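Heads up: the structure comes next, in structure tokens.
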Amino acid sequence: MNKRIIRLMAIGFSSLTLVACSSIPPKGSAGSEVPVDDRENTTSAIDGGGQSSMGPLDNSSSLLSKRIIYFDFDSNNIKSEFREVVEAHARYLIDNSNMSVTLTGHCDERGTREYNLALGERRAKAVSRNMSVFGVSDNQLYTVSYGEEQPEESGSNEFAWQKNRRVEIIYRNQ
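Numbering (the UniProt record's numbering), first residue to last: 1 to 174.
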């Protein structure tokens, strides 16, 4: 009988501890999050007058507005259709030594976590090496691999997998 009471008390105490550790979101926070889906144009420039200026990074007709490089399955070779985009970003970085980029490598969900992290790194480094060949300084290039952890498209189908095999070019001022 005593063992049964002790077990019930232990379960009750554990339940109270879990409930006490939970949090309730503040009122008004539900629905206040705004999803941001457009990662193609992530950089904006502001001139001294407070008006946004249309720079080459923001011009949708410029190759610099394309900031995602897609890859084939299990590959870190830059596709021919993206070589011109990588070269345009390299030339921009050469002309703007105060700018740097973070190249984030991503994979689809197939493969182990460790394998996908390594593949994402190889993809990011492939873009980095390609930019270095054009003369971009190594201190302007940073690589990060997220593997399968940050998918652009959810789903287990060819469309989602194609969207998730990518390197994103993210600009930042030094």
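All residues carry an ideal CB built from backbone N, CA and C; glycine is no exception. Values in this document were obtained by computation on a predicted structure and should not be read as measured data.
- Cβ-Cβ distances below 6 Å link D108 to W161, N164, R165 in the same chain, with the five nearest sequence neighbours on each side left out; the list follows chain order.
- Rounded to whole angstroms, the gap between the alpha carbons of M99 and R110 is 34 Å.
- Look at the beta carbons and you see the stretch 58-69 touching the stretch 78-94: at least three pairs across the two are nearer than 8 Å.
- Closest by C-alpha distance to Y92, out of K66, S145, A126, K125, is K66.
- For L141, the three-state secondary structure derived from DSSP is strand.
- Annotated as proximal: T104 and V144, with beta-carbon spacing under 9 Å.
- Straight across, the Cα-Cα distance linking D95 with N76 is about 27 Å.
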